[in-house]
Amino acid sequence: PRVPSEIRDGRVYNRNGEDVHAAFTAGAQQALQVVKDETPDRIILQSRSPSCGCKEVYDGTFCGKRVKGQGIFAQVLLKEGYQPDDIEDLEEVV
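Structure representation (structure tokens):
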């Protein structure tokens, strides 16, 4: 497992204060390529994740405070015209 990470001022930092934004961005681009190759009917992402949060993410203070916003991969998907779903919204539908 990785060190917990959160988005602060538009960049991803881990709990140790290291800027890990480049790794998250690279991962988002790799995942985008999978989406393009596989053409899924639906994309379901993990809530509040610094990668996948669709509606909100943690604020970067590692205190559990949530703010409106998207994770890095969710941002990439939206920019590319995809409409990812938050897993918590899916659970409400089911």
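Taking the numbering used here, the leading residue of the sequence shown gets 255, the next gets one more, and so forth. Ideal Cβ placement from N, Cα and C applies to all residues, glycine included.
In the structure shown, the three-state DSSP call for Asp295 is coil. Ranked by Cα distance from Arg302, the options Ile341, Val257, Pro255 are led by Ile341. Judged by their CB atoms, Gln283 and Gly307 are not nearer to each other than the 9 Å cut-off. Under the three-state reduction of DSSP output, Lys333 falls in the helix class.
Selection Glu310, Gln300, Pro294, Phe327 evaluated against Ala280 yields Phe327 as nearest (Cα-Cα).
In this structure the region 256-273 lies against the region 308-319, because at least three pairs of beta carbons, one per stretch, are closer than 8 Å.
Per DSSP, Glu260 is one residue of the beta strand (DSSP E) stretching across 259-262. In the structure shown, Asp313 adopts coil according to DSSP, grouped into three states.
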